[in-house]
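So that you can map any letter, position 25 of the sequence shown is 25 in the UniProt record's numbering, and since no number is skipped, the others follow by simple counting.
The beta-carbon is built from N, C-alpha and C at its ideal position, and this holds for glycine as well.
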Amino acid sequence: MNAARRVWTALVMTCAAALIAFGFNFLLIPHRLLSGGVSGVSMLLSYATGLDTGILYFALNLPILIWGWFALGHAFIAWSIYAVAVTSFLIRIAPVHSLAADPILAAVFGGVAFGIGAGLALRYGGSSGGIDIIATIVTRHREVPIGMLLFLMNMSIVILQALLSEDWEGAMYSLLSIYVSGRAIDMIHIRQLKVTAFIISCDPYRLLDKLRRLPRGVSIVPIKGGYTGEDKVMLMTVTTRYELSALRTMIRRHDPKAFVNIVETVSVMGDFRKV
Numbered sequence: 001m002n003a004a005r006r007v008w009t010a011l012v013m014t015c016a017a018a019l020i021a022f023g024f025n026f027l028l029i030p031h032r033l034l035s036g037g038v039s040g041v042s043m044l045l046s047y048a049t050g051l052d053t054g055i056l057y058f059a060l061n062l063p064i065l066i067w068g069w070f071a072l073g074h075a076f077i078a079w080s081i082y083a084v085a086v087t088s089f090l091i092r093i094a095p096v097h098s099l100a101a102d103p104i105l106a107a108v109f110g111g112v113a114f115g116i117g118a119g120l121a122l123r124y125g126g127s128s129g130g131i132d133i134i135a136t137i138v139t140r141h142r143e144v145p146i147g148m149l150l151f152l153m154n155m156s157i158v159i160l161q162a163l164l165s166e167d168w169e170g171a172m173y174s175l176l177s178i179y180v181s182g183r184a185i186d187m188i189h190i191r192q193l194k195v196t197a198f199i200i201s202c203d204p205y206r207l208l209d210k211l212r213r214l215p216r217g218v219s220i221v222p223i224k225g226g227y228t229g230e231d232k233v234m235l236m237t238v239t240t241r242y243e244l245s246a247l248r249t250m251i252r253r254h255d256p257k258a259f260v261n262i263v264e265t266v267s268v269m270g271d272f273r274k275v
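#1: Please go through the same chain and pick out, in chain order, the residues whose beta-carbon is closer than 8 angstroms to the beta-carbon of L214, but skip the five residues on each side of it.
#2: Just verifying my parser: in three-state terms, what is the DSSP assignment at T14?
#3: At the level of alpha carbons, what is the spacing between V158 and L62?
#4: Is it the case that the Cβ atoms of D132 and A118 are separated by a distance below 8 angstroms?
#5: Whole angstroms are fine: how far does the CA of M234 sit from the CA of G126?
#6: Pull up the DSSP beta-bridge partners for K224, would you.
#7: Buried or exposed for N154, please, with buried defined as at least 16 other CB atoms from any protein chain shown within 10 angstroms of its CB.
#8: Identify, in the order they occur along the chain, each residue of the same chain with its Cβ nearer than 8 angstroms to the Cβ of L44, setting aside the five sequence neighbours on each side.
#9: Examine the Cβ distances between the stretch 18-33 and the stretch 86-94 and report whether three or more of them are shorter than 8 angstroms.
#10: Quick one, are the C-beta atoms of E264 and V221 less than 8 angstroms apart?
#11: Would you report the Cα separation of V268 and D102, rounded to the nearest angstrom?
#12: Kindly indicate which three-state DSSP category N2 falls into: helix, strand or coil?
#13: Which word fits G229, buried or exposed, when buried means at least 16 other C-beta atoms lie within 10 angstroms of its C-beta?
#14: Taking the alpha-carbon positions, what's the A4 to R253 distance?
#15: Report buried or exposed for L11, applying the criterion of at least 16 other Cβ atoms within 10 angstroms of its Cβ.
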């Protein structure tokens with residue numbers, strides 16, 4: 001990744017962190033509402049103990065980030081660490097001030113702010129930490145419905161909030177916020193979508209060696225150039241949206257002139273992991 005792209009990615013990650021912190025401190029926390037995933041757990045613990053949400057957000061994400069460092073690519077986790085650290089810092093320094101007196105408005109727009117922030121982080125090669133990293137690791141090793149995993153975890157958090165606070169109305173507002181944030185993330189970065197990449201490279205076998213190090217299989221397809229008539233090979237691989245950013249980065253690094261066609265894959269039959 002060149003310097004200009006690093007600067008641009010850092011700016012996007014900073015904006016993503018600012019959106020998440022804004023949604024927390026100005027919309028959700030003043031009404032004691034929750035977001036989804038690990039951030040929701042950090043908010044719930046903050047309400048119960050009085051500890052700083054920013055500190056809890058970073059502390060809960062730290063072991064997951066360490067796990068991801070060894071299980072995933074370092075670039076993805078490095079940007080995730082940056083996003084989580086900036087988010088935690090902004091949550092700590094920004095005042096908690098309600099911008100919406102109506103808890104429904106707070107839930108909706110707080111969910112939108114969090115969802116756009118988390119979606120931007122995912123789209124540009126990082127994450128907001130927590131369940132996004134867990135989902136990335138899980139989808140590399142098992143074909144499981146991540147949507148159901150997220151739903152069960154978030155429902156558990158909301159039910160726990162209702163039991164601790166005896167405020168079922170507040171819990172329903174939190175569920176609304178979680179739903180809206182999920183929809184916002186899907187608008188920017190579709191979670192479970194699989195994609196197929198068709199790669200035509202000037203040095204396909206060098207790129208093939210790099211692709212073989214990824215958790216997905218890769219096929220060599222003989223082709224003929226339409227203009228030149230030359231016999232060539234095309235590399236084809238199926239991956240998930242979670243891993244697409246890492247694939248793009250690897251191709252740019254090793255063959256920036258490669259022609260890559262990425263298409264959405266409706267479904268996959270059989271195991272599409274590396275065998």
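Taking the definition as stated:
#1: Residue 214 sits at position 214 when you count from the first residue of the sequence shown. Counting only Cβ-Cβ distances below 8 angstroms, and skipping sequence neighbours, we find T237, T239, E243, A246, L247, M250, K274.
#2: On the sequence shown, residue 14 is found 14 positions in, with the first residue counted as 1. In the structure shown, T14 sits in a helix (DSSP, three-state: H, G or I).
#3: Stepping through the sequence shown from its first residue, residue 158 is reached at position 158. Stepping through the sequence shown from its first residue, residue 62 is reached at position 62. When rounded, the distance between both Cα atoms is 23 angstroms.
#4: To locate residue 132, count along the sequence shown from 1; it is residue 132. To locate residue 118, count along the sequence shown from 1; it is residue 118. The answer is yes: Cβ separation under 8 angstroms.
#5: For this step, residue 126 is matched to residue 126 along the sequence shown. For this step, residue 234 is matched to residue 234 along the sequence shown. Approximately 29 angstroms between the Cα atoms of the pair.
#6: Residue 224 sits at position 224 when you count from the first residue of the sequence shown. DSSP, once it has assigned bridges, lists D231 as partnering K224.
#7: Translated into the one-based positions of the sequence shown, residue 154 becomes position 154. Burial call: buried.
#8: By 1-based counting over the sequence shown, the position of residue 44 is 44. Cβ within range, chain order: L34, I157, L160, Q161, L164.
#9: yes
#10: As a working note, residue 264 is residue 264 in the sequence shown. As a working note, residue 221 is residue 221 in the sequence shown. No, the Cβ-Cβ distance between E264 and V221 is not below 8 angstroms.
#11: As a working note, residue 268 is residue 268 in the sequence shown. As a working note, residue 102 is residue 102 in the sequence shown. Those two C-alpha atoms are separated by around 44 angstroms.
#12: Taking the sequence shown and counting its residues from 1, the one referred to as residue 2 is at position 2. Residue state, collapsed to three classes: coil.
#13: Numbered from its first residue, the sequence shown carries residue 229 at position 229. It is exposed - the Cβ of G229 has fewer than 16 other Cβ atoms within 10 Å.
#14: Numbered from its first residue, the sequence shown carries residue 4 at position 4. Numbered from its first residue, the sequence shown carries residue 253 at position 253. If I take the Cα positions, the gap works out to 14 angstroms.
#15: Counting from 1 along the sequence shown, the entry for residue 11 is found at position 11. It counts as exposed.
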